[in-house]
Every structure is written in structure tokens, then in C-alpha cells.
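The numbers in the sequence shown follow numbering that gives the first Met the number 0, run straight up by one, and end at 330.
For every residue, glycine included, the Cβ atom is placed at its ideal position computed from N, Cα and C.
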Amino acid sequence: MIIKMLGNGSKALRMKYSSLAEEELRSAFSSPSEMDWEMVEAGICRHELDWIWGINLSRLLSWITSLIGEKKNLSSGRVQSPTLVEAVERYVDYLTFISAPKFSLRAELSAHGEKFPSTHVNSPFERRQEALERKQRIMEEKVGEVVKVERSSYSLRPPPAFNLSELQYEASRIYGFSPSYTQRLAEELYLDALISYPRTNSEKLPPTIPHRKILAELSSFESYRSFTAPLLKSSRLSPAQGVKEDPAHPAIYPTGKKPSGIRGDAFKVYDLIARRYIAAFMDEAIIERRDFRISVGGEELEAQGRVIEKAGWTRAYPFSVGKERSVALEE
């Protein structure tokens, strides 16, 4: 806006960077790009809409509440208000949902000294009495027979590097962090030049990022070296790419700068980002699933086992695949 009003737009250039790493800043300064005036106009549009809708309507709502004797500051916004509508509609659905009771029948079985869970093939039941009767038959028999075993293998492709929402989801699932807390920690890591700009929707890593250099610097960490060393021997580095794309910034990646001085929750978030980035370059994982059908007292139970045949990328990012569940049964 200042350039358009007071300067010469034809002489303006743009430094484009996604991290505060010294090398990236120097590169952006030495090779600036042309101004993207459409992006500038889009930013101005958002700014003006925040005034027209957000600030004016927020003041109106606060003024209305003062008329009824309540001094409250209420806010509205172009993103906040539609999101709040969605949240309220979901909450109303939750309050008005009428659930029908169902009854599950599960049993803990044991074979060769190892315990494993199982579920009745017809579970859940509509009637409690039926579930109790079938439970009684199983309890009276106590010994079962494996009547069917099915084996199948499937592959898990490496996940792409994080965008902000996926990082928030994983940090909540693994560590119980709130989305706002995760974002604050990620922004602190960005300001310390440890990661790229975190407020991105992208799941893509462009080839302009110096992946080999970053992986080499991550190799200085003993906890990452066993994953990065084999990758650096490869002649070509090609990370897994997601579907979502953000024209402003790539997916979140570590800059390779050593995170000295960070610990606690901040390091947990950094570790998630670094491991997810490394995993994007690794091989797929292969899982063998085993499904068992067990007959006990005329009732059939189902049990599942899972064996990791090839760990692949799950070695670097082990949070997405559960532990192996070995069931020592044969038909």
C-alpha cells in the first residue's frame, strides 16, 4: 500500500522466504522476485473486510449488550463467525441426538501364555439378554477352537510434511497439546530460525528447498542419524507430497539449525516436525494383518493380530502405527 501510494511500483521487488535461516534470508535478498500485485490486493481485501465486518460488527454487538445493562465485549469476524455457526450446529446436533443402547460382547483369550482381546462376530447386540446368554455359553465352555485364519499384507506410504492443522492434530493426539499452544510453540521455533513458517496449509515441499543440506545437518543429532545417513547416500531425494497446497508457503520443515537451548514441550513439537520431515523421504512400510475366527461353546469370536514386516518410514515417525500385536494361533 505504501509503495503504491508513495513509491514507484515498477521498481519494487519482493524478498520471498519461508524461514528465518540466515542462508535463506541471504538467498532471498540476493535474488528478489517481481511483486505479485494480485497477492497484495488480496491482502488489502482481507484487511478491509476485517474492518467492514469484523470491527464494525463487533462494536455493534458490544453496544447492543450495553443497552440491556451488560458490559461485554463481543467479537465477530469473517472467519470467526462462520466457524462459530458450524460449532453451534454441531453442538445442537449433539444435544438433540437420541442414542439407542447396544451391548458389546468382548472376551480376553489366552494362547501359549499370551493374552489377546476378541469380539463376538455379531457384536454389538440390540438386546442385553441375548448378549448375556451368549456370554454364558462362552464362559461355560472356556476352551475354543481356531476355525479360520486369514492373512493379508498392505503398504503404508510415507506421510507428507506437516501443515499447521495436521501438526496441531498430531501434537494433540500424541501429547495432549491444545491447538493454540502448539501454534504458539511452532511460532517460537520459527522465530528462532529452527523451522519454516508454520501457518501454512501446504503439504508439499518444493525442490528449491535444500533437502540434502538439511538432512546432513539433522545427521548431527544422534537420534536422527540412523534415518538420515541412508538417505544421504541416495543420488536423488524425493519427499512424499500431500494434496493440499498453499501458494504462499510450503509445508513445515526444519531448517537444520541445531536447536540448542530448547527443551520440554518446545522440543517435542520440534521433534515431531523433524521426524515427519525425515519420514517423508523414507520407504513405505509393510504391515501383515492376521484375522482369526475362534469357536467357543458354539459362539464365534474374532481376533486380530498385526506384524510389521517392513518398518520403512515408521522407524523415524513411529506415532502413526500402533504396536505389533502378536497372536500365537494357527488353524
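Assign N7 to buried or exposed, taking buried as 16 or more other Cβ atoms, counted over all protein chains shown, within 10 Å of its Cβ.
Mapped onto the sequence shown, residue 7 falls at position 8. Exposed is the call here.
How many whole angstroms separate the CB atoms of R292 and Q303, which I take to be in contact at a CB cut-off of 8 Å?
Locating residue 292 in the sequence shown gives position 293, where the first residue counts as 1. Locating residue 303 in the sequence shown gives position 304, where the first residue counts as 1. Between R292 and Q303, the beta carbon gap of about 11 Å keeps them out of contact (Cβ cut-off 8 Å).
Under a three-way DSSP split, which group does I97 fall into?
The residue labelled residue 97 in the question sits at position 98 within the sequence shown. Reduced to three states, the DSSP call for I97 is coil.
Of the listed residues G68, G76 and C44, nearest to N55 (C-alpha basis)
Locating residue 55 in the sequence shown gives position 56, where the first residue counts as 1. Of the residues G68, G76 and C44, the one whose Cα lies closest to the Cα of N55 is G76.
Within 9 Å, strictly: CB atoms of W312 and P157
Sequence index remark: in the sequence shown, residue 312 carries index 313 (1-based). Sequence index remark: in the sequence shown, residue 157 carries index 158 (1-based). Yes. Within cutoff.
Which residues in the same chain as L60 place their Cβ atom closer than 8 Å to its Cβ, once the five residues preceding and following it in sequence are excluded?
Position 61 of the sequence shown, counted from the first residue, corresponds to residue 60. If we look at L60 and ignore the five residues flanking it on each side, its Cβ neighbours are L73, S74 and S75.
Inter-residue spacing [alpha-carbon to alpha-carbon] between E301 and K309
In the sequence shown, the residue the question calls residue 301 occupies position 302. In the sequence shown, the residue the question calls residue 309 occupies position 310. About 25 Å.
Pick from E69, K70, E40 and V78 that is closest to W52, judged by C-alpha positions
Taking the sequence shown and counting its residues from 1, the one referred to as residue 52 is at position 53. The candidate whose alpha carbon is nearest that of W52 is V78.
Less than 7 Å between C-beta atoms, sequence neighbours within five positions excluded: which residues of the same chain meet that for P246?
For the purposes of this step, residue 246 is taken as the residue at position 247 of the sequence shown. Excluding residues within five positions, none has a Cβ falling inside 7 Å.
Can you give me the Cβ contacts of R243 inside the same chain, cut-off strictly under 8 Å, excluding the 5 residues immediately before and after it?
Stepping through the sequence shown from its first residue, residue 243 is reached at position 244. Checking the displayed sequence, the identity of residue 243 turns out to be Lys instead of Arg. The residues N162, N200, S201, E202 and K203, in chain order, have a CB closer than 8 Å to that of K243 in the same chain once the five nearest residues on each side in sequence are set aside.
Please name the residue or residues paired with E149 in a DSSP beta bridge.
Residue mapping note: residue 149 aligns to position 150 of the sequence shown, counting from 1. In DSSP, E149 forms a bridge with D290.
Taking C-alpha atoms, which residue in L230, L231, Q135 and V39 lies nearest to R105?
For this step, residue 105 is matched to residue 106 along the sequence shown. The candidate whose alpha carbon is nearest that of R105 is Q135.
Only counting the same chain, and skipping five residues up and downstream in sequence, which positions put a Cβ closer than 6 Å to that of S195?
In the sequence shown, counting from the first residue as 1, residue 195 sits at position 196. Taken in chain order, the residues that qualify are S17, S18, I251 and Y252.
Can you tell which of H210, R274, I173 and K3 has its C-alpha closest to the C-alpha of R314?
By one-based count along the sequence shown, residue 314 stands at place 315. Here the closest residue by C-alpha is R274.
A265 beta carbon less than 9 Å from that of L166
The residue you call residue 166 lines up with position 167 of the sequence shown. The residue you call residue 265 lines up with position 266 of the sequence shown. Using a Cβ distance threshold of 9 Å, L166 and A265 do not count as a contacting pair.
Taking only three categories from DSSP, how would you classify K114?
For the purposes of this step, residue 114 is taken as the residue at position 115 of the sequence shown. Reduced to three states, the DSSP call for K114 is strand.
Using the three-state DSSP reduction, which class does P246 fall into: helix, strand or coil?
Residue 246 sits at position 247 when you count from the first residue of the sequence shown. Here P246 sits in coil by DSSP.
Let me know the secondary structure DSSP gives P206 once reduced to three states.
Counted from its first residue, the sequence shown places residue 206 at position 207. Residue state, collapsed to three classes: coil.
Run of the alpha helix (DSSP H) containing I272, from where it starts to where it stops:
By 1-based counting over the sequence shown, the position of residue 272 is 273. D264 to A278 is the extent of the alpha helix (DSSP H) around I272.
What did DSSP end up calling R235 once you bin it into helix, strand or coil?
Translated into the one-based positions of the sequence shown, residue 235 becomes position 236. If DSSP states are grouped into helix, strand and coil, R235 belongs with coil.
Candidates D49, E298 and I67: closest to L131 by CA position:
Here residue 131 refers to the residue found at position 132 when the sequence shown is read from its first residue. From the listed residues D49, E298 and I67, the smallest Cα separation to L131 is found for E298.
Please determine whether the Cβ atom of V320 lies at a distance below 8 Å from any heavy atom of the ligand FAD.
This structure lacks the ligand FAD; in fact it carries no ligand of any kind.
N-terminal and C-terminal residue of the beta strand (DSSP E) that G304 is part of:
Position 305 of the sequence shown, counted from the first residue, corresponds to residue 304. For G304, the enclosing beta strand (DSSP E) covers residues E298 to K309.
Only counting the same chain, and skipping five residues up and downstream in sequence, which positions put a Cβ closer than 6 Å to that of Y316?
Numbered from 1 along the sequence shown, position 317 holds the residue referred to as residue 316. Beyond the five residues adjoining it in sequence on each side, Y316 comes within less than 6 Å, by CB distance, of R274, R275 and A278 in the same chain, given in chain order.
For L184, report the span of its alpha helix (DSSP H) as first-last.
Sequence index remark: in the sequence shown, residue 184 carries index 185 (1-based). In the DSSP assignment, L184 falls within the unbroken alpha helix (DSSP H) covering P178 to L190.
Is the beta carbon of L214 less than 9 Å from the beta carbon of F280?
The residue you call residue 214 lines up with position 215 of the sequence shown. The residue you call residue 280 lines up with position 281 of the sequence shown. A contact, by the Cβ cut-off of 9 Å.
Excluding the five sequence neighbours on either side, which residues of its own chain have a C-beta within less than 7 Å of the C-beta of E186, listed in chain order?
The count along the sequence shown starts at 1 and reaches residue 186 at position 187. Same-chain partners within the cutoff: P197.
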